[in-house]
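Each residue of the sequence shown is one higher than the last, beginning at 283 in our numbering.
Glycine included, C-beta positions come from ideal geometry on N, C-alpha and C.
Below is one structure, written out as structure tokens, with a few remarks after it.
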Amino acid sequence: MRFTDQLNHCDDAEQLLSALPSTLHDLIPANTFLVLHGDGSPPESGVSAESGSGKVPAPNPPLGKPSASLWVQEHQRPLVIPSIAAEKRFPDLTEWFSASGDKSLCILPLRTPVRWLGVLCVGRSSENAFSDEEIALLTLAADYVALAVDDRLNFAASEKARLELESEQTKLKLILDLNNSIVSNLELKQLVQAISPSIRKVMQIDAVALVLPSAENGDLEVHALDFPDSKGLIRPGIIVPPDGRPGEVFRSGKAWVGDISEERSHYLDLGHKAALQEGLKALCLLPLARCNRILGVLSVARFRKHSFTERDVEFLLQIAGQVAIAIDNALAYRRISELSDKLAQEKLYLEDEIRSELNFEEIVGNSAVLRRVLRQVEAVAPTDSTVLIHGETGSGKELIARAVHKLSRRSSRAFVKLNCAAIPTGLLESELFGHEKGAFTGAIAQRIGRFELASQGTMFLDEVGEIPLELQPKLLRVLQEREFERLGSSRTLRSDARVIAATNRDLNALVDSQRFRSDLFYRLNVFPVYVPSLRERTEDIPFLVRHFAQHFARLMKKQIDTISSDTMNAITRYPWPGNIRELQNVIERAVILSPGKELKVSPADLKPRLLENGAASGVVTLEEMERRHILSVLDQTNWVFSGPNGAAARLGIKRPTLQFRMRKLGISRPTRR
């Protein structure tokens, strides 16, 4: 039929609703046709009112949801009003039709099995003007109109979804291209040239600029630019004033979007003025953030004003994140290349020369923290004072103890060591002081203790914090009076051994928990020496790696000539919870498994693991370890900051630096009671 053919030629819902009044008039003559949209209707809720002769001049129709529409929606059947003048239930709708010259009204539902679309209102200029046959015909026409409108709405929704999906796919492809560019381009200017065309095409950007701090003085400058339509007013190398918008974004780390033409003159630096002269209007500045650092600013601009939406900014922030990774990689690559060149020029004899110059042949490294420890060793070695060495396990406390012994006047005497944690509690007293024959079951012969052996020499007590509480008074007596008795003997013996103790435990905490005697602690803590962990002296790792590699290569009759920069960087970045002992074991294993002349370290050996003392609550952060160490040193110095024996000197830093670190770590002096 012609009615359906005319509606089928309409491509979308809006066009169909515009054509509906005249098409219905051809089917059923009437004075007024009005479509009122309901919930679930197209977003442009509108009104169509026409007669056979064209538009009907009438007041604006009701655009809300009239009560008559609610009635039809509730009852799901046509509503026939024979006389508008006599109808009092729906004044909001009948007044409009009455003003249009209508005297009777028929309101039909526009619905599908899925949703409610609204109502179709047909008005005539006479009362009782709708017959049953006409109402049936109008109902059939309304059902078809509803299906036709619903079909076009569904098509429009699917088309919108398709376009959004294509847009998302295009953006995802852009992110993938960025990732590929990050991997394949380690030079910043090449990177910008590689990614800018894609950004401009996908995001419809007219200009892309990369603003980075200058390597010479740190000022922000345009490092790279992609602006095909430029007049030459903006070019790489232009300095960006620090008080402008890019400087503000660089300092705050927050994106900024706006129009250059609307900016206050205070922010119109030379770069912005040049952009205005270039014809650019809308500007978006995005911080290049990486690991809590702002590396620079990504600047994108368009010729159209107010053209950056929130969705644009959100996606551009993702792009900025990828660009920040690329910049970080490029800077890291530059540093690694410089380090690789430096390492390639180093020779093994240089390491030997450093060690011989410091007179510590067994200690490898030249970091500032290690040199500070060695200066402490040189200061205390000539004396007979008791030394307490503390630090993490595997950090080289025994080597420091040996260095103290070798530089002392006792170097020609015995260096006797005892690991207090390795001896059962019942036998530790016998190991320290000896026993007589028959002193206990199994004592079949007299035994000389370690203190007796170390007389005139050095006694090294490793893991001194593991000494049982009941044995500590006897050790204190040796330190104070230089006297002891063997087990099973009443004869007092004397020992002139110098005591060097070491521990990886917090003796202050043990004293507080009454598991270590305070008087013994003070006797041991005459001259404390803190051995830094390997994480605190990462600059020594290359020296240690080469030293251990050459050492084990000689033992295994292998030849290890090279260590790749990637391997060295991976070793340097690893936190080394086992410190030098762990590093030594890893290098020994790597020498065994390396087939050629290049040292190959298994990636499995460099996977971070939970620290033993952090297994219950996760890893102990480096910040927490620093906090504990500073507190320990402050306790040892009785919270004295300055002076040669103050906390700052022992930590190897200046007093303002120590106070800054204390504020950052939340360390404050305990109040006296």
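Rounding to the nearest angstrom, what Cα-Cα distance links residue i and residue j in this structure?
i: residue 294; j: residue 445; result: 17 angstroms
i: residue 799; j: residue 851; result: 44 angstroms
i: residue 600; j: residue 593; result: 11 angstroms
i: residue 507; j: residue 442; result: 35 angstroms
i: residue 521; j: residue 836; result: 56 angstroms
i: residue 713; j: residue 731; result: 5 angstroms
i: residue 726; j: residue 825; result: 50 angstroms
i: residue 797; j: residue 925; result: 32 angstroms
i: residue 819; j: residue 512; result: 50 angstroms
i: residue 523; j: residue 913; result: 43 angstroms
i: residue 647; j: residue 936; result: 23 angstroms
i: residue 419; j: residue 428; result: 14 angstroms
i: residue 370; j: residue 352; result: 15 angstroms
i: residue 669; j: residue 929; result: 17 angstroms
i: residue 679; j: residue 915; result: 17 angstroms
i: residue 627; j: residue 696; result: Below a pLDDT of 50, predicted positions are generally treated as unreliable, and residue 627, at 41, falls in that range; the measurement from the model is reported next regardless. If I take the Cα positions, the gap works out to 41 angstroms.
i: residue 651; j: residue 774; result: 43 angstroms
i: residue 597; j: residue 923; result: 51 angstroms
Please name the residue, chosen from the options, that lies closest to residue i on a Cα-to-Cα basis.
i: residue 667; options: 809, 845, 931 and 308; result: 809
i: residue 918; options: 372, 933 and 856; result: 933
i: residue 388; options: 434, 368, 370 and 412; result: 412
i: residue 729; options: 747, 872 and 770; result: 770
i: residue 614; options: 848, 358, 316 and 695; result: 848
i: residue 911; options: 786, 482, 872 and 591; result: 786
i: residue 383; options: 440, 350, 680 and 313; result: 313
i: residue 945; options: 928, 931 and 908; result: 908
i: residue 734; options: 767, 702, 720 and 721; result: 767
i: residue 544; options: 374, 535 and 557; result: 557
i: residue 693; options: 318, 700 and 683; result: 683
i: residue 318; options: 404, 371 and 367; result: 404
i: residue 589; options: 485, 495 and 510; result: 485
i: residue 501; options: 515, 477, 478 and 530; result: 530
i: residue 662; options: 510, 855 and 807; result: 807
Grab me the residues of residue i's own chain with a C-beta within less than 7 angstroms of its C-beta, minus the 5 sequence neighbours each way, in chain order.
i: residue 737; result: 777, 778 and 779
i: residue 365; result: 385, 386 and 409
i: residue 792; result: 747 and 798
i: residue 876; result: 842 and 882
i: residue 379; result: 314, 366, 387 and 405
i: residue 956; result: What is shown of the chain runs 283 to 955, which leaves residue 956 out entirely.
So, residue i versus residue j, is the Cβ gap smaller than 8 angstroms?
i: residue 842; j: residue 881; result: yes
i: residue 579; j: residue 565; result: no
i: residue 943; j: residue 921; result: no
i: residue 504; j: residue 595; result: no
i: residue 686; j: residue 741; result: no
i: residue 567; j: residue 606; result: no
i: residue 674; j: residue 790; result: no
i: residue 814; j: residue 655; result: yes
i: residue 830; j: residue 874; result: no
i: residue 781; j: residue 743; result: yes
i: residue 672; j: residue 812; result: yes
i: residue 822; j: residue 649; result: yes
i: residue 956; j: residue 758; result: The requested residue 956 is not part of the displayed model; the chain covers only 283 to 955.
i: residue 689; j: residue 660; result: yes
i: residue 865; j: residue 816; result: yes
Note down, in chain order, each residue of its chain lying with its Cβ closer than 8 angstroms to the Cβ of residue i, except the 5 sequence neighbours on either side.
i: residue 432; result: 394, 396, 397 and 399
i: residue 562; result: 488, 489, 542, 583, 584 and 585
i: residue 297; result: none
i: residue 764; result: 776, 777 and 778
i: residue 710; result: 702, 749, 750 and 753
i: residue 358; result: 391 and 393
i: residue 519; result: 503 and 504
Quick one: what's got a C-beta closer than 6 angstroms to residue i's C-beta in the same chain, skipping five residues either side?
i: residue 705; result: 713
i: residue 491; result: 504, 507 and 581
i: residue 301; result: 292
i: residue 610; result: 572
i: residue 602; result: 568, 570 and 580
i: residue 722; result: none
Would you mind listing the beta strand (DSSP E) stretches within the segment 495-559 that are 3+ residues and don't spill past its ends, in chain order? 502-508 and 538-541
In chain order, each beta strand (DSSP E) run of at least 3 residues that lies wholly inside the segment 731-775: 740-744 and 765-767
Output the residue ranges of the alpha helix (DSSP H) runs that lie fully inside the segment 779-843 and measure 4 residues or longer, sorted by chain position. 789-794, 800-806 and 823-837
Of all the beta strand (DSSP E) runs that stay within the bounds of the segment 367-408, which reach a length of 3 or more residues? 386-393 and 398-406
Which complete alpha helix (DSSP H) runs does the segment 652-721 hold, if anything under 4 residues is left out? 679-688 and 707-715
Could you tell me which uninterrupted alpha helix (DSSP H) segments, each at least 4 residues in length, are contained entirely in the segment 866-945, listed from first to last along the chain? 904-918 and 929-933
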